[in-house]
Amino acid sequence: LGDAWHHGFVTMLVDLAPWLALGLVLAAAVGAAVPAGWIAENVGTGLWPKVAMLFVGIPLYICATSSTPLAWSLVAAGLSPGAAIVLLLSGPATNMATMGWVIKDLGVKALVVYLLAIAAVSLGAGVVFDAYFADMVRIAPAAGAHEHGGSIWGLVQMMGAGAFSAGLVWALWVRVRPAKQAKACCASAPASGSCCAGEPKKASCCSSGAKADVPLPLGGCCGGNGRSGSESQGGGSSCGCGSKG
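Here the sequence shown stands for residues 7 to 251, numbered as in this note's numbering.
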């Protein structure tokens, strides 16, 4: 239970924090800029909004974590729930980088089949959802505050929102802090080319000739040769300075 709690409320929160924050910011922007019902009145609720969401979702990488609050704000603004389903399915499924890789390694024919499959499943799911389940969707007014009348449930909601906001800010800080430390460490030892992503005082640098590295929770030592710690002299479980890891 302890491991599950740590994974759900620490590990996953830190991993998803940037995408979730981006989704909440986009949802707030849409909710503030687009009046409730505007999309339904000016764009419609038929097949065209679904096709539009398909052309928005396929070329752009929209992480599922960030697209969920964005889809909520669009539905609140009048987008049909089926069109939101199209965005939720097609957005995380592919992007321009993935399509470029498919063309390079698998060919144009594979790309066509790949995109047709995504489009067919996304549009089909959107049409079916609007036909059979759209009436079940109940959404609050677009980005509007709600009066809970001082009820216990309203208090629980506010406390939950506050706890979640605090956790999100903490998770973003956890992600930013190691990057700042690594930058400072690299700047302090440019000649050796080594850098420590974690606490500099707790890690030895591979290029210094140390026999072993001290593994760090959020990083470790990188060798001057640019290889990961596991490939260099110290054998630490970390990545090279400037590497994607």
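Even glycine gets a Cβ: it sits at the ideal position worked out from N, Cα and C.
| Three-way DSSP call (helix, strand, coil) for V143 in this model | Here residue 143 corresponds to residue number 137 of the sequence shown, with the count starting at 1. V143 falls in the coil class under three-state DSSP.
| said: Could you tell me the alpha carbon to alpha carbon distance between W159 and G8, rounded to whole angstroms? | reply: Working through the sequence shown from its first residue, we reach residue 159 at position 153. Working through the sequence shown from its first residue, we reach residue 8 at position 2. C-alpha separation (whole angstroms): 28 angstroms.
| Presumed contact (8 angstroms Cβ cut-off) between L174 and L26, rounded CB distance | The residue labelled residue 174 in the question sits at position 168 within the sequence shown. The residue labelled residue 26 in the question sits at position 20 within the sequence shown. The pair is a contact, with the Cβ atoms about 7 angstroms apart (cut-off 8 angstroms).
| query | Between which two residues does the alpha helix (DSSP H) carrying S72 extend? | reply | Indexing the sequence shown from 1 puts residue 72 at position 66. Segment 70–82, the alpha helix (DSSP H) holding S72.
| request: Starting from the C-beta of N101, find all residues in its chain whose C-beta is less than 7 angstroms away, skip the five residues before and the five after it, and write them out in chain order. | output: Looking up residue 101 in the sequence shown gives position 95. The residues are P65, L66, Y67.
| With distances taken between CB atoms, is the gap from S73 to L53 smaller than 8 angstroms? | Reading the sequence shown from its first residue, position 67 is the one you call residue 73. Reading the sequence shown from its first residue, position 47 is the one you call residue 53. No, Cβ-Cβ distance for S73 and L53 is not below 8 angstroms.
| request: Provide the residue span of the alpha helix (DSSP H) that contains S96, from first to last. | output: Along the sequence shown, read from residue 1 onward, the residue named residue 96 stands at position 90. That run of the alpha helix (DSSP H) goes 87–99.
| field | Nonlocal neighbours in the same chain, by C-beta distance under 6 angstroms from V49, ignoring five residues either side | value | In the sequence shown, residue 49 corresponds to position 43, counting from 1. The residues are P55.
| field | Three CB pairs or more closer than 8 angstroms across the region 70–84 and the region 116–128 | value | no
| query | G173 by DSSP, collapsed to three states: which one? | reply | For the purposes of this step, residue 173 is taken as the residue at position 167 of the sequence shown. Three-state result, G173: helix.
| said: Between the alpha carbons of M105 and L117, how many angstroms are there, rounded? | reply: Counted from its first residue, the sequence shown places residue 105 at position 99. Counted from its first residue, the sequence shown places residue 117 at position 111. Taking the straight line from one Cα to the other gives about 7 angstroms.
| Enclosing alpha helix (DSSP H) for F135 [first to last residue] | By 1-based counting over the sequence shown, the position of residue 135 is 129. Start and end: 114–138.
| query | Is DSSP giving L41 helix, strand or coil here? | reply | Indexing the sequence shown from 1 puts residue 41 at position 35. Note on residue identity: the sequence assigns Pro, not Leu, to residue 41. Coil, per DSSP.
| Which residues bound the alpha helix (DSSP H) around V62? | Residue 62 sits at position 56 when you count from the first residue of the sequence shown. Start and end: 53–63.
| Going by C-alpha distance, which of M142, D141, G88, I109 is nearest V127? | The count along the sequence shown starts at 1 and reaches residue 127 at position 121. Here the closest residue by C-alpha is G88.
| Going by other Cβ atoms of all chains shown within 10 Å of its Cβ, with 16 needed for buried, is I145 buried or exposed? | One-based indexing of the sequence shown puts residue 145 at position 139. Exposed, because fewer than 16 other Cβ atoms sit within 10 Å of the Cβ of I145.
| Residue nearest to M142 in terms of C-alpha spacing, selected from P184, S86, V114 | Position 136 of the sequence shown holds residue 142. With distances taken between Cα atoms, M142 lies closest to S86.
| Would a C-beta distance cut-off of 8 angstroms place L178 and A23 closer than the cut-off? | Reading the sequence shown from its first residue, position 172 is the one you call residue 178. Reading the sequence shown from its first residue, position 17 is the one you call residue 23. Contact: yes.
| task | With a 10 Å radius around its C-beta and 16 neighbouring C-beta atoms as the bar for buried, classify V40 as buried or exposed. | result | Numbered from its first residue, the sequence shown carries residue 40 at position 34. Buried, by the Cβ-count rule.
| query | Taking just the CA atoms, how far does P98 sit from M18? | reply | Along the sequence shown, read from residue 1 onward, the residue named residue 18 stands at position 12. Along the sequence shown, read from residue 1 onward, the residue named residue 98 stands at position 92. Distance between the alpha carbons of M18 and P98 is about 18 angstroms.
| Limits of the unbroken alpha helix (DSSP H) element including G8 | Within the sequence shown, residue 8 is the residue found at index 2, counting from 1. 8–12 is the span of the alpha helix (DSSP H), which, as asked, contains G8.
| Straight-line CA distance for A34 to L28? | Along the sequence shown, one-based indexing puts residue 34 at 28. Along the sequence shown, one-based indexing puts residue 28 at 22. Rounded to the nearest angstrom, the two C-alpha atoms are 10 angstroms apart.
| Distance, Cα to Cα, Q163 vs T71? | The residue given as residue 163 occupies position 157 in the sequence shown. The residue given as residue 71 occupies position 65 in the sequence shown. The straight-line gap from Cα to Cα measures roughly 21 angstroms.
| Is the beta carbon of G132 sitting closer than 8 angstroms to the one on I91? | Along the sequence shown, one-based indexing puts residue 132 at 126. Along the sequence shown, one-based indexing puts residue 91 at 85. Taking 8 angstroms as the Cβ cut-off, G132 and I91 qualify as a contacting pair.
| Length of the line joining the Cα atoms of W176 and A140 | Numbered from 1 along the sequence shown, position 170 holds the residue referred to as residue 176. Numbered from 1 along the sequence shown, position 134 holds the residue referred to as residue 140. If I take the Cα positions, the gap works out to 37 angstroms.
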